[in-house]
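What follows is a single structure, written as structure tokens, with notes after it.
Residue numbers (the numbering used here): 381 to 657.
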């Protein structure tokens, strides 16, 4: 049974989006289909849609792509999370199944992924995440392993990665904002890029600003003894960090944070190495 036979329902409260002037100067592009035919390019004054298969091109007003004060981007009034020159996706809060068989299949599919650690971009490359601390709330542990579980693998050769509806972020577990807490990542394949989704990103959009997010980060390439310093922007999109050398082992240290409106806890939703195949 293909996952495409399961109907995903997205129930989001649409918030009026307000443009932030610093973002108006940036250009973004992303694909919204599995095969990379449907592309949106965002310029300072317009949205350009291109369907490479049908050769259709359309233009829209830039105001239909907005960064809201909650940190999320909206395209035509709907939340969209994207990586520049990559894919786009949306957080899912309700799974509605067409029948009981579909529901049972999906549950077994998730169980198999969890038991065998077969999350997208992890299982083939033995990616291991550790952290200096992690938050525990009752039976819930916001562990470093969560940094690699944002996406489920394709359910078929023609499929694509899928948002993991049960995903949780990594959250540091010390008092205060977590400055100098660290994460280590080790893989069996080399990489020289990291794709980071900062903060607490889920179907509950309010949790992003209520919790703290990483601002300045130091990355140590443990194989080549090189240090990098980066500042992450405070918005919900996948940010790519490039390194000068290929490596298999790194350490990321939190140097400063964007303070949460409600909680001190600093969160990162996902860190996925862009591995060399």
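Here a beta-carbon is modelled for each residue, glycine too, at the ideal position from N, C-alpha and C.
These numbers come from a predicted model, not from an experiment.
My assumption, with CB atoms under 8 Å, is that residue i sits in contact with residue j. Please give the rounded CB distance.
i           : j           : result
residue 581 : residue 649 : 4 Å
residue 560 : residue 640 : Incorrect: roughly 18 Å between the Cβ atoms, too far for contact.
residue 533 : residue 499 : 7 Å
residue 530 : residue 455 : With 8 Å as the limit, residue 530 and residue 455 do not qualify as a contact, their Cβ atoms being about 20 Å apart.
residue 627 : residue 603 : 4 Å
residue 644 : residue 557 : 5 Å
residue 422 : residue 408 : 4 Å
residue 685 : residue 451 : Nothing can be reported for residue 685: it is not among the residues displayed for the chain, which extend from 381 to 657.
Among all the DSSP beta bridges, which residues are the ones paired with residue i?
i           : result
residue 510 : 564
residue 516 : 521
residue 613 : Per DSSP, none; premise fails for residue 613.
residue 636 : 596
residue 435 : According to DSSP, residue 435 bridges with nothing at all.
residue 532 : 542
residue 607 : 600
residue 650 : 577
residue 422 : 408 and 427
residue 619 : 576
residue 624 : For residue 624, which the question treats as bridged, DSSP gives no partner whatsoever.
residue 441 : 426
residue 485 : Answer is none; residue 485 lacks a bridge partner.
Of all the options the options, which has the alpha carbon lying nearest to the alpha carbon of residue i?
i           : options               : result
residue 659 : 630, 652, 609 and 620 : Residue numbering for the chain in the displayed model covers 381 to 657; residue 659 lies beyond these limits and cannot be assessed.
residue 477 : 469, 471, 528 and 486 : 486
residue 468 : 440, 491, 513 and 415 : 415
residue 618 : 609, 430 and 575      : 575
residue 433 : 440, 419, 427 and 446 : 419
residue 668 : 552, 629 and 608      : The structure shown does not extend to residue 668, since the chain is modelled only from 381 through 657, so no value can be given for it.
residue 606 : 425, 463, 631 and 615 : 631
residue 458 : 583, 542 and 506      : 583
residue 491 : 586, 546 and 654      : 546
residue 608 : 625, 655 and 555      : 625
residue 460 : 517, 411 and 436      : 411
Quick check: is any heavy atom of the ligand COA less than 7 Å from the C-beta of residue i?
i           : result
residue 605 : What this structure holds is no ligand at all, so the ligand COA is not there to describe.
Kindly provide the ranges of any beta strand (DSSP E) runs that are 3 or more residues long and lie completely inside the stretch 552-605, ordered along the chain.
-> 562-578 and 592-601
Curious, which full-length beta strand (DSSP E) runs of at least 3 residues does the stretch 448-476 contain?
-> 453-455, 458-462 and 466-469
Does the stretch 594-601 come close enough to the stretch 508-524 that 3 or more CB-CB pairs lie under 8 Å?
-> No, they do not touch.
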